[in-house]
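First the structure, in the form of C-alpha cells, and then the observations on it.
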Amino acid sequence: MQDSVKQKFMTYPESIAVVLHEIRDLIFQVAAQDGITTVEETLKWGEPSYIAKSGSTIRFDYKEKAPQQFCIYFNCKTKLIDTFKELYGDTFVYQGNRALVFELEQALPNKELAHCLSLALRYKKIKHLPMLGA
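Under my numbering, the first residue of the sequence shown carries the number 877, and numbering increases by one thereafter.
So, in C-alpha cells, the structure goes:
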C-alpha cells in the first residue's frame, strides 16, 4: 500500500477502515481477474484512488458529516454510473452521475460491485461499446 494511502486509512475509524480495505481488496482482485497487472494507487482530492491504464479512476472515501455511509466515486464525465443504473437499478444508491453510496451496516452486493469495478478498470477499452459491453 502506498504510504499516503496507508496514512489516510489510519485516519478512518476502525470499523470504516475494515470496510474500505474490503473495497480496496476487491479492486485489486477484479483487476487481477481481468488480467490488469498494474493499478496505480494514490490519493486524489485526499481520497484513496485507483486507476489502470485501460480504465477510469475509482476513488472511495468516508466523510464524518455522513458517519453511517461511504461512497465509491467514478469520473462523472463517463457513462459508468448511467450504465450501472441500467444494469443494476436499485441494487445501488446513486449520487448523481459520480458515486455509489453505501450504508455501513449493509451487506455489499459483491458480485454486482465487482462487475462495476471491472467496467471502470477497463473503461478506455470498452467505452465505445453499447452498455460498455456488459
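Here a beta-carbon is modelled for each residue, glycine too, at the ideal position from N, C-alpha and C. No experiment lies behind these values; they were computed from the predicted model shown.
Can you list, in chain order, the residues of its chain with a C-beta nearer than 8 Å to that of GLU898? Leave out the 5 residues immediately preceding and following it.
Locating residue 898 in the sequence shown gives position 22, where the first residue counts as 1. Here the set comprises LEU984.
If you pair each beta-carbon of the stretch 964-978 with each one of the stretch 933-947, do three or more pairs fall below 8 Å?
yes
For ASN936 and GLU923, which I take to be in contact (beta-carbon distance under 8 Å), what is that distance rounded to the nearest angstrom?
Residue mapping note: residue 936 aligns to position 60 of the sequence shown, counting from 1. Residue mapping note: residue 923 aligns to position 47 of the sequence shown, counting from 1. First, the residue type needs correcting, since residue 936 is Phe and not Asn in the sequence shown. About 7 Å separates the two Cβ atoms, so the contact holds.
Whole-Å CB distance - ASN973 paired with ILE957, under 8 Å assumed
Mapped onto the sequence shown, residue 973 falls at position 97. Mapped onto the sequence shown, residue 957 falls at position 81. Contact holds; Cβ gap of about 5 Å.
Give me the DSSP bridge partner(s) of ASP937.
On the sequence shown, position 61 is the one that residue 937 refers to. Partner(s): CYS947.
Expected contact under 8 Å - CB spacing of LEU1085 and ILE1002 to nearest Å:
The requested residue 1085 does not occur in the structure, where the chain is confined to residues 877 to 1010.
CB-CB under 8 Å to SER930, same chain, minus the five flanking residues each way: which ones, in chain order?
Working through the sequence shown from its first residue, we reach residue 930 at position 54. Leaving aside the five residues that flank SER930 on each side, the residues in its chain whose CB is nearer than 8 Å to its CB run, in chain order, ILE912, LEU997, ARG998, TYR999, LYS1000, LYS1001.
Is DSSP giving PRO1006 helix, strand or coil here?
Along the sequence shown, one-based indexing puts residue 1006 at 130. If DSSP states are grouped into helix, strand and coil, PRO1006 belongs with the helices.
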